Amino acid sequence: MDRFLSSAINRIDSKGRVSVPAHFRAVVQRRGYQELYALKALDRPALDVGGLDLLDRYEQRIAMEDPFMQTADDMSFFVHGDSDFLKLDQDGRITVTDFIRDHTGITSDVAFVGRGTFFQIWEPSRLATYGAQVRERLLEMRRAGMSGAVGGGAE
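Right, dumping it as structure tokens:
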């Protein structure tokens, strides 16, 4: 499997490190990532984490903008200024730095959640709240879609 799938919660050790889940490390290794690019999520208290391909994707989008316009400047500030590189040690751990803690609110445990081509780092209770909101939005979309179906939906 070459995708970040599933989720896990791991405890931060006494030295401020947390183990990246083994199935995520396997994807990192298969993709040949030497370091991890981490970006503060724009609209939630999480970090988007991936390889340089994630950074490349954002930089390609910035390159489509007029470099003299505010949009390009704002995007560059966000992609380059609200990000950092995370190093995996030989045991598959990352150090939980202030960069991570300040944006996510993480204190003692770290939630990892797969997002396909990247993964996210969350404070576990915030992830649980967000997950419940996502499910509720999707359920509302399903209900709205069923009410608009011919014959009033499934019976």
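Read in order, the letters of the sequence shown correspond to residues 1 to 155 in UniProt numbering. Idealized CB from N, CA, C, for every residue including glycine. From a predicted model like this one, the values you see are computed outputs, not experimental measurements.
Tell me which residue opens and which closes the beta strand (DSSP E) that residue i is part of.
i, result
"F118", "No beta strand (DSSP E) contains F118, which DSSP labels as neither H nor E."
"S7", "S7 to R11"
"R17", "R17 to S19"
Might you give, ordered along the chain, the residues of its own chain that have their beta carbon closer than 7 Å to the beta carbon of residue i, omitting 5 neighbours on each side?
i, result
"S108", "R11 and I12"
"R44", "Y130"
"L52", "Y37"
"E140", "none"
"H23", "S6"
"I100", "L47, I106 and I121"
"T71", "E65"
What residues in its chain sit with their C-beta under 8 Å from that of residue i, if we drop five residues either side in the sequence?
i, result
"A144", "none"
"P124", "I9, D109, V110 and A111"
By Cβ distance below 6 Å, which residues in the same chain neighbour residue i in space, the five residues on each side in sequence not counted?
i, result
"S76", "I62"
"L54", "Y37 and F118"
"R31", "G51"
"Y58", "V79"
If I follow the unbroken alpha helix (DSSP H) through residue i, where does it start and stop?
i, result
"R135", "P124 to S147"
"V27", "A22 to R31"
Since I believe residue j is in contact with residue i (beta carbons under 8 Å), could you give me their beta-carbon distance rounded to a whole number of angstroms?
i, j, result
"W122", "A111", "4 Å"
"S7", "V113", "4 Å"
"T104", "G16", "14 Å between Cβ atoms; not a contact."
"D2", "V27", "6 Å"
Runs of beta strand (DSSP E) wholly within the segment 76-121 (minimum 3 residues, chain order): 83-86, 93-95 and 109-114
In chain order, each alpha helix (DSSP H) run of at least 4 residues that lies wholly inside the segment 37-77: 52-63 and 70-76
Stretch pair the segment 26-44 + the segment 84-94: three plus CB contacts closer than 8 Å: yes
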